[in-house]
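There are 2 protein chains.
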Amino acid sequence: MSKEKGTLFIVSAPSGAGKSSLIAALMQRFNLDDSLRLSVSHTTREPRPGETNHVSYHFVSNEEFEALIARNAFYEYAKVFDHYYGTSKEIVEEWINDGKDVFLDIDWQGARLIREQSPYAKSIFILPPSLEELQNRLKKRGQDSDEVIKKRMEKAKREISHYNEYDYLIVNDVFDESVLALRSIVLAHRFELKRQSNKHKQLLDAMLEGYSK
Amino acid sequence: MSKEKGTLFIVSAPSGAGKSSLIAALMQRFNLDDSLRLSVSHTTREPRPGETNHVSYHFVSNEEFEALIARNAFYEYAKVFDHYYGTSKEIVEEWINDGKDVFLDIDWQGARLIREQSPYAKSIFILPPSLEELQNRLKKRGQDSDEVIKKRMEKAKREISHYNEYDYLIVNDVFDESVLALRSIVLAHRFELKRQSNKHKQLLDAMLEGYSK
Numbered sequence: 013m014s015k016e017k018g019t020l021f022i023v024s025a026p027s028g029a030g031k032s033s034l035i036a037a038l039m040q041r042f043n044l045d046d047s048l049r050l051s052v053s054h055t056t057r058e059p060r061p062g063e064t065n066h067v068s069y070h071f072v073s074n075e076e077f078e079a080l081i082a083r084n085a086f087y088e089y090a091k092v093f094d095h096y097y098g099t100s101k102e103i104v105e106e107w108i109n110d111g112k113d114v115f116l117d118i119d120w121q122g123a124r125l126i127r128e129q130s131p132y133a134k135s136i137f138i139l140p141p142s143l144e145e146l147q148n149r150l151k152k153r154g155q156d157s158d159e160v161i162k163k164r165m166e167k168a169k170r171e172i173s174h175y176n177e178y179d180y181l182i183v184n185d186v187f188d189e190s191v192l193a194l195r196s197i198v199l200a201h202r203f204e205l206k207r208q209s210n211k212h213k214q215l216l217d218a219m220l221e222g223y224s225k
Numbered sequence: 013m014s015k016e017k018g019t020l021f022i023v024s025a026p027s028g029a030g031k032s033s034l035i036a037a038l039m040q041r042f043n044l045d046d047s048l049r050l051s052v053s054h055t056t057r058e059p060r061p062g063e064t065n066h067v068s069y070h071f072v073s074n075e076e077f078e079a080l081i082a083r084n085a086f087y088e089y090a091k092v093f094d095h096y097y098g099t100s101k102e103i104v105e106e107w108i109n110d111g112k113d114v115f116l117d118i119d120w121q122g123a124r125l126i127r128e129q130s131p132y133a134k135s136i137f138i139l140p141p142s143l144e145e146l147q148n149r150l151k152k153r154g155q156d157s158d159e160v161i162k163k164r165m166e167k168a169k170r171e172i173s174h175y176n177e178y179d180y181l182i183v184n185d186v187f188d189e190s191v192l193a194l195r196s197i198v199l200a201h202r203f204e205l206k207r208q209s210n211k212h213k214q215l216l217d218a219m220l221e222g223y224s225k
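Protein chains in written order, with our numbering: chain A, 13 to 225; chain B, 13 to 225.
Have a look at this one:
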């Protein structure tokens, strides 16, 4: 079998759509064969209690981060309150070239930057099942003031307003069905002609040996 | 929910790839919700013992068939040994407009004709797992002469030589995995932006009400 490249899947959602739980459940489904990887961000901030290096973030020093910037290792990076945050292009492309599919959880702005740099990436937008449900989920996150909730709602709407830049749209109503949708999207892309004809080149050559149209 | 159109899936394979069993198993998986339909050909020949009208074929008279030709009801039709055979465009398009996904089992020539008339159709090619397996499956069909087997093999190779005109390629090695692949392709297309944004137009409008970028 020839080496086939994996597919990069960009996933965005407004806060409160259930994206993180969906991705976690999806990764579980592919746990056994290690054919799907989740991209982890780099940061220079200190790990918080309970955070694990290379799982929560790749925790690196300022010097390391700036060396990564210098060698163009990021799709995008930003400095927030004195700390760098970045999305590794280097690691994602290594995985893709190794035939892994990769999920990358990012907002609509990051998604745009990645599409520009990885034209074959596929993107998925996740919506909560209703406006009420979105509001409830945004309110549930602690004892916040109306002002804070209103700002959060505005931010969610801004994210949602970009839904039509994505290839797929999943309304996260029934959790298990949304996981099945994500899994189906991943599997379907594995059977696209380009990937399969690379993977099975020898078989195709053998079957067509001596044949001329 | 607004009305969303279904997707037409064209499936081709050389004889001996296991296509019919795969499609039968796939249809079973979607039995409950009737969201996937299998296109059935029209013919003017007599039903054979065990054949059921509208399942094996739509059995129609010469007059009926020619009336269907006259109103352009077929993607393609042919007369073989005095009997007409045709693939109904009318029924398929009615189902698609009704939101059903449709599978249509046809050879590479028919697939070409349908692609021309239904540019949004997706096509899937199925291969047997090896050249030896293909030969075995072609030989197993009764006590045929070497000449007959050789001709069958040539026909299979001709079909295989068109694999690269399809969107998806499935090597039917493990039956259940091939059924899962087909099911994933069907489900993935249901979550494409275009279908979902039609289906969930009200939800999207509600979530973006009063929002301007």
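The beta-carbon is built from N, C-alpha and C at its ideal position, and this holds for glycine as well.
Considering only residues of the segment 174 to 206 of chain B, which uninterrupted beta strand (DSSP E) runs meet the minimum length of 3 residues and lie entirely inside it, listed in chain order? 180 to 183, all fully within the segment 174 to 206 of chain B.
For D45 of chain A, is the classification buried or exposed, using 16 other Cβ atoms within 10 angstroms of its Cβ as the cut-off for buried? To locate residue 45 of chain A, count along the first sequence from 1; it is residue 33. In the assembly as shown, D45 of chain A is an exposed residue. Its beta-carbon has fewer than 16 other beta-carbons within 10 Å.
Where do the ends of the beta strand (DSSP E) carrying F137 of chain B lie? Within the second sequence, numbered from 1, the residue matching residue 137 of chain B stands at position 125. Residues K134 to L139.
Using a Cβ-Cβ cut-off of 8 Å (strictly less than) and excluding sequence neighbours within five positions of D156 of chain B, which residues of its own chain qualify? Locating residue 156 of chain B in the second sequence gives position 144, where the first residue counts as 1. R164, listed in sequence order.
What are the residues of the segment 68 to 98 of chain B that lie near chain A, defined by any Cβ-Cβ distance shorter than 9 Å? Residues passing the 9 Å Cβ filter: none.
Considering only the alpha carbon of each residue, which of B:S190, B:F93, B:A82 and B:H95 lies closest to E102 of chain B? In the second sequence, counting from the first residue as 1, residue 102 of chain B sits at position 90. The option with the nearest alpha carbon to E102 of chain B is B:A82.
State yes or no: is the C-beta of L139 of chain A within less than 8 Å of the C-beta of L181 of chain A? By one-based count along the first sequence, residue 139 of chain A stands at place 127. By one-based count along the first sequence, residue 181 of chain A stands at place 169. In this structure, L181 of chain A lies closer than 8 Å to L139 of chain A by Cβ.
Cα-Cα, which of B:P131, B:E106, B:G98 and B:D110 is closest to D117 of chain B? In the second sequence, the residue the question calls residue 117 of chain B occupies position 105. Selection B:P131, B:E106, B:G98 and B:D110 evaluated against D117 of chain B yields B:G98 as nearest (Cα-Cα).
M13 of chain A versus N210 of chain A - alpha carbon distance: By 1-based counting over the first sequence, the position of residue 13 of chain A is 1. By 1-based counting over the first sequence, the position of residue 210 of chain A is 198. Confidence is the limiting factor: at M13 of chain A the pLDDT is only 46, short of 50, which leaves the residue's position unreliable, though a coordinate-based value still follows. Whole-angstrom Cα-Cα distance: 8 Å.
Within the 8 Å Cβ cut-off, does M39 of chain B reach chain A? Position 27 of the second sequence, counted from the start, is the residue given in the question as residue 39 of chain B. Output row for M39 of chain B: interface = no.
Own chain residues within Cβ distance below 7 Å of D185 of chain B, not counting five before or after: Translated into positions along the second sequence, residue 185 of chain B becomes position 173. Excluding the 5 residues flanking it on each side, D185 of chain B has same chain C-beta neighbours closer than 7 Å at P141, in chain order.
Comparing alpha-carbon positions, which option in A:I197, A:R170 and A:E78 lies nearest D179 of chain A? Translated into positions along the first sequence, residue 179 of chain A becomes position 167. Measuring from the Cα of D179 of chain A, the nearest candidate turns out to be A:I197.
Using a cut-off of 8 Å between C-beta atoms, extract the partners of N4 of chain A located in chain B. The structure shown does not extend to residue 4 of chain A, since chain A is modelled only from 13 to 225, so the question has no answer here.
Identify each residue in the segment 141 to 154 of chain A for which the Cβ-Cβ distance to at least one residue of chain B is less than 9 Å, and report them in chain order. When C-beta distances to chain B are compared with 9 Å, the residues of the segment 141 to 154 of chain A below that value are P141, S142, L143 and L146, in chain order.
Where the alpha helix (DSSP H) containing D45 of chain A begins and where it ends: Reading the first sequence from its first residue, position 33 is the one you call residue 45 of chain A. No alpha helix (DSSP H) contains D45 of chain A, which DSSP labels as neither H nor E.
Considering E88 of chain B, what are the terminal residues of the beta strand (DSSP E) in which it resides? Against the second sequence, residue 88 of chain B aligns to sequence position 76. Taken as a continuous stretch (DSSP letters only), the beta strand (DSSP E) holding E88 of chain B covers F86 to V92.
Is the shortest distance between the beta-carbon of S196 of chain B and the beta-carbons of chain A less than 8 Å? For the purposes of this step, residue 196 of chain B is identified with residue 184 of the second sequence, where counting begins at 1. Yes, S196 of chain B counts as interfacial toward chain A.
Do you know offhand how far N65 of chain A's Cα is from F71 of chain A's? Here residue 65 of chain A corresponds to residue number 53 of the first sequence, with the count starting at 1. Here residue 71 of chain A corresponds to residue number 59 of the first sequence, with the count starting at 1. Approximately 6 Å between the Cα atoms of the pair.
Just to confirm my understanding: we take S130 of chain B, look at its own chain, exclude 5 residues before and 5 after, and list those with CB closer than 6 Å. What are they? Taking the second sequence and counting its residues from 1, one reaches residue 130 of chain B at position 118. Taken in chain order, the residues that qualify are L20.
Spatially closest choice to S68 of chain B from B:N74, B:V52, B:E78 and B:F77, by CA coordinates: As a working note, residue 68 of chain B is residue 56 in the second sequence. Nearest in C-alpha terms to S68 of chain B, of all of B:N74, B:V52, B:E78 and B:F77, is B:V52.
Would you mind sorting R60 of chain A into buried or exposed? The rule is 16 or more other CB atoms within 10 Å of its CB. Numbered from its first residue, the first sequence carries residue 60 of chain A at position 48. That one is exposed.
Give me whichever residues DSSP pairs with N148 of chain A in a beta bridge. As a position in the first sequence, residue 148 of chain A is number 136, starting the count at 1. Under DSSP, N148 of chain A forms no beta bridge with any residue.
For D113 of chain A versus S32 of chain A, is the C-beta distance shorter than 8 Å? Along the first sequence, one-based indexing puts residue 113 of chain A at 101. Along the first sequence, one-based indexing puts residue 32 of chain A at 20. No, the Cβ-Cβ distance between D113 of chain A and S32 of chain A is not below 8 Å.
Exposed or buried, E78 of chain A, counting other C-beta atoms within 10 Å across all chains shown (16 or more means buried)? Here residue 78 of chain A refers to the residue found at position 66 of the first sequence. Taking every protein chain shown into account, the CB of E78 of chain A has fewer than 16 other CB atoms within 10 angstroms, so this residue is exposed.
8 Å is my cut-off, CB to CB: does K167 of chain A come that close to chain D? The structure shown has no chain D; the protein chains it does contain are A and B.
Which residues does DSSP list as the beta-bridge partners of T65 of chain A? For the purposes of this step, residue 65 of chain A is taken as residue 53 along the first sequence, with counting starting at 1. The sequence given here has Asn at residue 65 of chain A, not Thr. As a beta-bridge residue in DSSP terms, N65 of chain A pairs with A:Y69.
Got a sec? Which residues, its chain only, sit under 7 Å from W107 of chain B by beta carbon, not counting five neighbours each side? As a first step, residue 107 of chain B must be located in the second sequence, where it is residue number 95. Closer than 7 Å at Cβ, skipping near neighbours: G18, R49 and V114.
Chain B residues whose Cβ lies nearer than 8 Å to that of S48 of chain A: Reading the first sequence from its first residue, position 36 is the one you call residue 48 of chain A. The sequence given here places Leu at residue 48 of chain A; Ser does not occur at that position. Within chain B, no residue has its CB atom less than 8 Å from the CB of L48 of chain A, the nearest being about 13 Å off.
Contact belief for M219 of chain A with K169 of chain B at Cβ below 8 Å, rounded distance in angstroms: Residue mapping note: residue 219 of chain A aligns to position 207 of the first sequence, counting from 1. Residue mapping note: residue 169 of chain B aligns to position 157 of the second sequence, counting from 1. With a Cβ gap of about 7 Å, M219 of chain A and K169 of chain B count as contacting.
Short Cβ contact (8 Å threshold) for S100 of chain A with H54 of chain A: One-based indexing of the first sequence puts residue 100 of chain A at position 88. One-based indexing of the first sequence puts residue 54 of chain A at position 42. Taking 8 Å as the Cβ cut-off, S100 of chain A and H54 of chain A qualify as a contacting pair.
For the beta strand (DSSP E) containing D113 of chain B, name the first residue and the last one. Within the second sequence, residue 113 of chain B is the residue found at index 101, counting from 1. Counting along the chain, D113 of chain B sits inside the beta strand (DSSP E) bounded by residues D113 to D117.
Cross-strand partners of Y96 of chain A (DSSP beta bridge): The residue labelled residue 96 of chain A in the question sits at position 84 within the first sequence. Checking the DSSP bridge columns, you'll see Y96 of chain A partnered with A:K91.
On the three-state DSSP scale, how would you describe V23 of chain B? For the purposes of this step, residue 23 of chain B is taken as the residue at position 11 of the second sequence. In the structure shown, V23 of chain B sits in a strand (DSSP, three-state: E or B).
Taking CB distances under 8 Å as the criterion, tell me whether D179 of chain A reaches chain B. Translated into the one-based positions of the first sequence, residue 179 of chain A becomes position 167. Answer yes: the Cβ-Cβ gap between D179 of chain A and chain B drops below 8 Å somewhere.
Positions along the segment 15 to 44 of chain B whose CB lies within less than 9 Å of some CB in chain A: Residues of the segment 15 to 44 of chain B whose Cβ lies closer than 9 Å to any Cβ of chain A, in chain order: P26.
Where do the ends of the alpha helix (DSSP H) carrying V160 of chain B lie? Here residue 160 of chain B refers to the residue found at position 148 of the second sequence. It spans D158 to I172 - the alpha helix (DSSP H) in which V160 of chain B sits, taken as one unbroken run.
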